[in-house]
């Protein structure tokens with residue numbers, strides 16, 4: 667039959683048909699086959715691949731259920747959709763509390779993408795905007811997004827960032843700083859992106875403990891000397907922790 671050799675353009679659709687059939691209660695291959703209109707052999711091939719990738723599971727012999735991968739993706743999708751709405755009141759509270767401009771950002775390749783920005787009460791212009799992008803390795807919020815990265819990944823991202831925006835400083839200094847930030851659970855922009863701006867940042871974690879976003883508090887160096895930056899660290903980390911708990915993170 668034609669459906670035994672699905673065209674590549676139909677493969678995704680048929681895989682989704684199998685998932686939806688299981689979601690409707692079709693558990694056996696025979697039931698899934700009847701629900702989707704595919705042959706038994708085609709149904710078996712699609713179900714086997716979906717089970718191998720975690721989208722389906724077979725807790726009972728020859729019976730299928732929705733798999734853990736769907737739960738993982740569902741939480742991820744929920745977090746992505748809700749993160750700005752959930753984080754916004756905490757960002758506003760932090761901006762009011764510390765008087766700095768507060769950002770929310772996510773990782774996109776070797777860059778941070780800003781999702782929200784709350785202007786502080788200081789007469790300071792921060793050169794950023796919602797939807798804007800900056801290199802991960804030259805921003806506090808970007809470095810906070812990298813706190814779980816291994817050394818090889820840090821070096822790779824650093825190389826990518828410096829290919830697009832060359833710098834003269836020693837890469838070893840950056841890697842040493844990242845070790846310190848990883849240990850402390852925060853990151854600092856010490857004029858890396860702009861010589862007149864300083865920033866304190868912390869990661870936001872999802873229900874699995876993964877870093878999915880980060881927040882930062884930024885201001886001019888005149889308002890954020892070293893001592894003041896140290897004072898801000900617990901405030902920024904606390905706000906990030908509150909957002910993390912709101913999207914499902916449960917610290918152990």
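In the numbering used here, the protein residues as written are 667 to 918.
Even for Gly, the Cβ is constructed at its ideal location relative to N, Cα and C.
Query: Classify residue 865: buried if its beta carbon has 16 or more other beta carbons within 10 angstroms, exposed otherwise.; Result: buried
Query: Do the CB positions of residue 887 and residue 857 come within less than 8 Å of each other?; Result: yes
Query: Candidates 871, 772 and 809: which alpha carbon is nearest residue 916's?; Result: 871
Query: Taking the beta strand (DSSP E) that residue 771 falls in, what are its first and last residues?; Result: 767 to 774
Query: With which residues is residue 705 paired in a DSSP beta bridge?; Result: DSSP output for residue 705 lists no bridge partner at all.
Query: Any idea what DSSP makes of residue 762, helix, strand or coil?; Result: helix
Query: In chain order, what residues of the same chain lie with their CB nearer than 8 Å to the CB of residue 687, ignoring the 5 residues before and after it?; Result: 697, 698, 701 and 702
Query: What's the call for residue 706, buried or exposed, on a 16-neighbour Cβ count within 10 Å?; Result: exposed
Query: For residue 737, which of helix, strand or coil comes out of DSSP?; Result: helix
Query: May I ask which residues mark the beginning and end of the alpha helix (DSSP H) holding residue 838?; Result: 837 to 850
Query: Should the stretch 770 to 784 be called in touch with the stretch 802 to 812, which here means at least 3 C-beta pairs below 8 Å?; Result: yes
Query: Take the Cβ of residue 855 as the centre, count every other Cβ of all protein chains shown within 10 Å, and call the residue buried at 16 or more, exposed below.; Result: buried
Query: Please report the Cβ distance between residue 801 and residue 831, rounded to the nearest whole angstrom; I am assuming they are in contact, meaning their Cβ atoms lie under 8 Å.; Result: 6 Å
Query: Count the other CB atoms, across all protein chains shown, that sit within 10 Å of the CB of residue 827; report buried if there are 16 or more and exposed otherwise.; Result: buried
Query: Does residue 890 come out as helix, strand or coil in the three-state DSSP assignment?; Result: coil
Query: Compare the Cα-Cα distances from residue 817 to each of 838, 755 and 711 and report the closest residue.; Result: 838
Query: Considering only the beta carbon of each residue, do residue 813 and residue 853 sit closer than 8 Å?; Result: yes
Query: Could you have a look at residue 668 and say whether DSSP puts it in helix, strand or coil?; Result: With a pLDDT of 44 at residue 668, under the threshold of 50, the predicted position of this residue should be treated as unreliable, though the coordinate-derived value follows. Note: residue 668 maps to helix in three-state DSSP.
Query: Could you compute how far the alpha carbon of residue 678 sits from the alpha carbon of residue 711?; Result: 13 Å
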